[in-house]
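These notes concern the structure reproduced below.
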Amino acid sequence: MRQFFLVTARGALSLLAALVLAVTAAAFGAVSPAAAQDGPLRIDITEGVIEPLPFAAPDFVAENAAAQDYAGRLTQVVADDLTGTGLFRRIPREAFISNVTSFSSPVAYADWKAINAQALITGAVSLEGDRLIVKFRVYDVFSGAELGEGMQFAGTADGWRRMAHKVADQVYSRITGEGGYFDSRIVFVSESGPKDQRAKRLAIMDYDGANVQYLTGSGSIVLAPRFSPNGDRVIYTSYESGNPRVHLLNVGDVQSRILPAQMGNMSFAPRFTPNGQGLLLSSTSGSNTDIYRMDIGSGATTQLTSAPSIETAPSYSPDGSQIVFESDRSGSQQLYIMPAGGGEATRISFGPGRYGTPVWSPRGDLIAFTKQNAGRFHIGVMRTDGSEERLLTASFLDESPTWAPNGRVIMFARETQGAEGTSSLYSVDVSGRNLRPVPTPDGASDPSWGPLQ
Amino acid sequence: MTHLSKALIVAAGLLAAACTNPDRFGADGAGGAGANGGYGAGGIGSDVIPGSPNDPRSPAYFNQTIGDRVLFAVDQSTLSAEAQSILDGQAQWLQTNADYLAVIEGHADEQGTREYNIALGARRANAVMEYLVGRGVAPNRLRTISYGKERPIEICSDEACYAKNRRAVTVISFGTAGATS
């Protein structure tokens, strides 16, 4: 699936100069598309109007008969990716004045302007044997110019959804100036059965819920899988050996093994180091749970905390210099940051309630967490010094936040109340907007968002 | 917890034992042997049926008459007076029946994050183990494990269910120390 290559289909760079998409530094601001009627096509990630940017995406042109079926489906996935962000609105084709029948024809800007399309996405698809080629272009309708260069992706036909996600990532990136996140995968726990007999197994899927594959059986409890930084491996907790132990699974061949040299009689809550060569985990001896670092190659472990309280749920800063974790050393669960080598920790959570499962944003600026207060659960974010806490969700039970590769979206698990309660996945913008269910075939929990592929 | 009388706890234990199989997690033992026994928690008469809950040497007696589990307050691992009384009975039984081992399973209710609840369950199981060892049970006959919030026995989302899920269950199995890990 990594055989994609990229070819620029057009050399005109001059248009881009005026449309350079600066990455907005306002990471904490609300995400909102500015109605850029006068300026270049762009969504600013700042506080402002919440009006999705209207775009037209006529069905990509099938350049041969074999590609006909793929062309429509590809276009739909591209459009779904964009509208799913809450930042874009697709103009229905019934409103179109003109259509696009050839990828190379000049764009009738006036026709698209008349229906208030701010962006126009055109594409073409051809299929030769098993080789699918997708070309696309993005136009800034109101400026009457192409946005960036045309591009082409080639791959095998069964990877058509990934190619659509790659197109959508490009469009998203060109208009927002942010990195994309559509061509990414989620590893999670698939759940079935009633609460007192729940069967759990690891599964992997595309970020939008497509292409679900199961990685383990449901014979023993599996918990909290985590992707390696490049997505090639998954670490998770399994009760397969009788006790909870951290296992390592290769995504490619779906082979797993228990990691050696785990301290205590239980170990859990693993997370990779930023370089992927080691991991953090929690081990319990007696009543005491502490955090350890393990080198995957040698199995060598280093104890990083040594308090008599519960220390767990560690997560590295993206540069690997610090670790955020939860501890009840103060008497209730709170968030702390310590140097990567261990040592003195600084408490960063001070609001009412309990804080757990901290996860450092891939951008480094925020920490996502689960908060429990007054009988409700929340997913929230705060700056790394604990300031500017914002709760993004509220429900009977929300937990397990995980960041999209671009640090703009958080996925989490929500469990419903009562005897018939089930768990499912949701995503929400870091602004708190665009709360959406993520479809899964069965119940789902403990998502971990992998890297952009 | 303090508002529950010992009788209630024993009753809860009876109900739980009647509707779940104590060894469903592979603690291959005789734990389930008497699970279908009656409510014969009274005195031991001349008509004791071997293996029944009124046979003091039977696992059914341990599970139902003494009580195989103790309950905890929210976010706590402290043993109440009622819990200590049950554990006194467990310790005595284990000393009398030296050919049994025990795995102490710690559990939490669903109100809490997954990782924390595993650690909390470990605290509860360990509190029970330390108490039993303090009452003379050899540590090498005991083992602890935590299931966090993964294995509730009651499924409603009310305190009535949560109270029964915040538990440590002593699962006995026939065997001698060293024979199993």
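Chain order of the listed sequences is E and F. Following the working numbering, the residues of the first sequence are numbered contiguously, the last one being 450. Following the working numbering, the residues of the second sequence are numbered contiguously, the last one being 239. The beta carbon of each residue, even a glycine, is placed where N, CA and C say it ideally should be.
Proximity to residue i [Cα-Cα], best of the options
| i | options | result |
| --- | --- | --- |
| alanine 64/E | Gly177/E, Ser123/E, Arg433/E, Ile320/E | Ser123/E |
| arginine 39/E | Arg86/E, Ala92/E, Gln73/E, Asp137/E | Asp137/E |
| glycine 190/E | Val128/F, Ile213/F, Pro114/F, Leu159/F | Ile213/F |
| glycine 164/F | Val229/F, Gly233/F, Thr234/F, Ala235/F | Val229/F |
| arginine 387/E | Ala416/E, Gln414/E, Asn403/E, Val425/E | Val425/E |
| leucine 246/E | Met260/E, Pro267/E, Asn262/E | Pro267/E |
| valine 321/E | Asn272/E, Ser253/E, Thr381/E | Thr381/E |
| methionine 260/E | Thr299/E, Tyr352/E, Ala54/E, Thr354/E | Thr299/E |
| glycine 275/E | Pro241/E, Asn262/E, Tyr313/E | Tyr313/E |
| glutamine 451/E | Phe139/E, Arg159/E, Val164/E, Gly141/E | Lying before the first or after the last residue shown, residue 451/E is absent from chain E, which here runs from -2 to 450. |
| glutamate 243/F | Gly328/E, Pro241/E, Thr173/E, Gly377/E | No answer is possible for residue 243/F: it lies beyond the span of chain F, which begins at 59 and ends at 239. |
| aspartate 127/E | Lys197/E, Phe185/E, Asp155/E, Ala105/E | Asp155/E |
| arginine 209/F | Gly147/F, Thr136/F, Val227/F | Val227/F |
| methionine 160/E | Glu308/E, Pro315/E, Gly447/E, Tyr67/E | Tyr67/E |
| leucine 422/E | Asn285/E, Gly145/E, Ile376/E | Ile376/E |
| isoleucine 88/E | Pro226/E, Ala53/E, Tyr289/E, Ser225/E | Ala53/E |
C-alpha gap between residue i and residue j, whole angstroms
| i | j | result |
| --- | --- | --- |
| isoleucine 218/E | asparagine 96/E | 53 Å |
| valine 186/F | glutamate 396/E | 29 Å |
| tyrosine 178/E | aspartate 287/E | 34 Å |
| alanine 33/E | threonine 80/E | With a pLDDT of 39 at alanine 33/E, under the threshold of 50, the predicted position of this residue should be treated as unreliable, though the coordinate-derived value follows. Those two C-alpha atoms are separated by around 18 Å. |
| glycine 340/E | proline 359/E | 23 Å |
| proline 30/E | threonine 82/E | Residue confidence for proline 30/E is low, a pLDDT of 41 falling below 50, so the modelled location carries little weight and cannot support an answer. |
| aspartate 458/E | phenylalanine 93/E | Outside the modelled stretch of chain E, which goes from -2 to 450, sits residue 458/E, for which no answer is possible. |
| glutamine 331/E | aspartate 325/E | 6 Å |
| serine 282/E | asparagine 403/E | 38 Å |
| glycine 161/F | alanine 177/F | The amino acid at residue 161/F is misidentified as glycine; the sequence shows valine. When rounded, the distance between both Cα atoms is 17 Å. |
| glutamine 450/E | serine 181/E | 6 Å |
| glycine 415/E | lysine 110/E | 51 Å |
| alanine 200/E | tryptophan 157/E | 21 Å |
| phenylalanine 25/E | asparagine 431/E | Confidence in phenylalanine 25/E is poor, its pLDDT being 36 and thus under 50, which makes the residue's placement too unreliable to answer from. |
| aspartate 203/E | glutamine 210/E | 10 Å |
| tyrosine 97/F | aspartate 157/F | Unreliable placement is indicated for tyrosine 97/F, whose pLDDT of 42 sits below 50; no coordinate value is reported for it. |
| alanine 166/F | tyrosine 205/F | 8 Å |
| alanine 139/F | alanine 149/F | 15 Å |
| glutamine 134/F | arginine 351/E | 15 Å |
| glycine 87/F | phenylalanine 232/F | Model confidence at glycine 87/F stands at a pLDDT of 37, short of 50, so the residue's coordinates are unreliable and nothing is read from them. |
| alanine 62/E | proline 438/E | 33 Å |
| asparagine 94/F | alanine 235/F | In this prediction, asparagine 94/F scores a pLDDT of 38, lower than 50, which makes its location untrustworthy; the coordinate-derived value is nonetheless stated afterwards. C-alpha separation (whole angstroms): 28 Å. |
| serine 384/E | alanine 391/E | 20 Å |
| glutamine 115/E | leucine 50/E | 7 Å |
| serine 329/E | asparagine 370/E | 12 Å |
| arginine 115/F | threonine 154/F | 8 Å |
| alanine 240/F | leucine 256/E | Because residue 240/F is not part of the residues shown, which for chain F are 59 to 239, the question remains open. |
| isoleucine 203/F | alanine 180/F | 6 Å |
Cross-chain neighbours of residue i in chain E, by beta carbon under 8 Å
| i | result |
| --- | --- |
| threonine 228/F | None at all; the shortest Cβ gap to chain E is about 16 Å. |
| serine 204/F | Pro241, Met263, Thr281 |
| leucine 211/F | Strictly speaking, residue 211/F in this sequence is isoleucine, with leucine absent from that position. Per Cβ cutoff of 8 Å: Asp193. |
| alanine 185/F | Ser284 |
Residue i: contacting residues in chain F (beta-carbon distance under 7 Å)
| i | result |
| --- | --- |
| glycine 418/E | Ser215 |
| glycine 415/E | Cys214, Ser215 |
Within chain F, partners of residue i - CB distance below 8 Å
| i | result |
| --- | --- |
| glutamate 396/E | Thr171, Arg172 |
| phenylalanine 265/E | Glu173, Ile176 |
| isoleucine 307/E | Tyr174, Ala177, Leu178, Arg181 |
| alanine 221/E | Arg172, Glu173 |
| glutamine 210/E | Correct list: empty, because the minimum Cβ distance to chain F is about 23 Å. |
| glutamine 259/E | Within 8 Å Cβ-Cβ: nothing; glutamine 259/E doesn't reach chain F, min ~14 Å. |
| glutamine 330/E | Thr171, Tyr174 |
Closer than 9 Å at the beta carbon, the chain F residues around residue i
| i | result |
| --- | --- |
| glycine 279/E | It should be noted that the sequence gives serine, not glycine, for residue 279/E. Glu173, Ile176, Ala177, listed in chain order. |
| glutamate 323/E | Thr171, Glu173, Tyr174 |
| threonine 399/E | Under the 9 Å cutoff, chain F gives no residues; its nearest Cβ is about 13 Å from threonine 399/E. |
| threonine 354/E | Thr171, Arg172, Glu173, Tyr174 |
Residues that residue i contacts on chain E, provided the C-beta gap is smaller than 9 Å
| i | result |
| --- | --- |
| serine 110/F | Within chain E, no residue comes near serine 110/F; the closest Cβ sits about 27 Å away, beyond 9 Å. |
| glutamate 208/F | Arg195, Lys197, Ile218, Leu220, Tyr236 |
| glutamate 168/F | Lys192, Leu394, Glu412, Gly418 |
Segments of 3+ residues assigned as beta strand (DSSP E) that fall wholly inside the region 34 to 119 of chain E: 50 to 53, 85 to 87
At 4 residues or longer, and completely inside the region 164 to 210 of chain F: list those alpha helix (DSSP H) runs for me, N to C. 172 to 192
If we require 3 or more residues per run, which beta strand (DSSP E) segments fall completely within the region 347 to 427 of chain E? 351 to 357, 363 to 370, 373 to 380, 395 to 400, 406 to 412, 420 to 426
Can you list the beta strand (DSSP E) stretches of 3 or more residues lying completely in the region 181 to 205 of chain E, in chain order? 182 to 189, 196 to 203
Where the region 284 to 311 of chain E meets chain F: residues whose CB sits under 8 Å from a CB there: Ser284, Thr286, Ile307, Thr309, Ala310
Taking Cβ-Cβ distances below 9 Å as the criterion, which residues of the region 129 to 148 of chain F are in contact with chain E? Asp133, Ser135
Could you please tell me which residues of the region 363 to 377 of chain E, in chain order, have their CB closer than 9 Å to any CB of chain F? Thr367, Gln369, Gly372, Phe374
Quick one: which unbroken beta strand (DSSP E) runs of 3-plus residues sit fully inside the region 208 to 251 of chain E? Chain order, please. 219 to 224, 230 to 235, 242 to 247
For a minimum of 3 consecutive residues, which ranges assigned as the beta strand (DSSP E) are wholly contained in the region 105 to 174 of chain F? 127 to 129, 158 to 165
Quick one: which unbroken beta strand (DSSP E) runs of 3-plus residues sit fully inside the region 118 to 188 of chain E? Chain order, please. 128 to 137, 148 to 153
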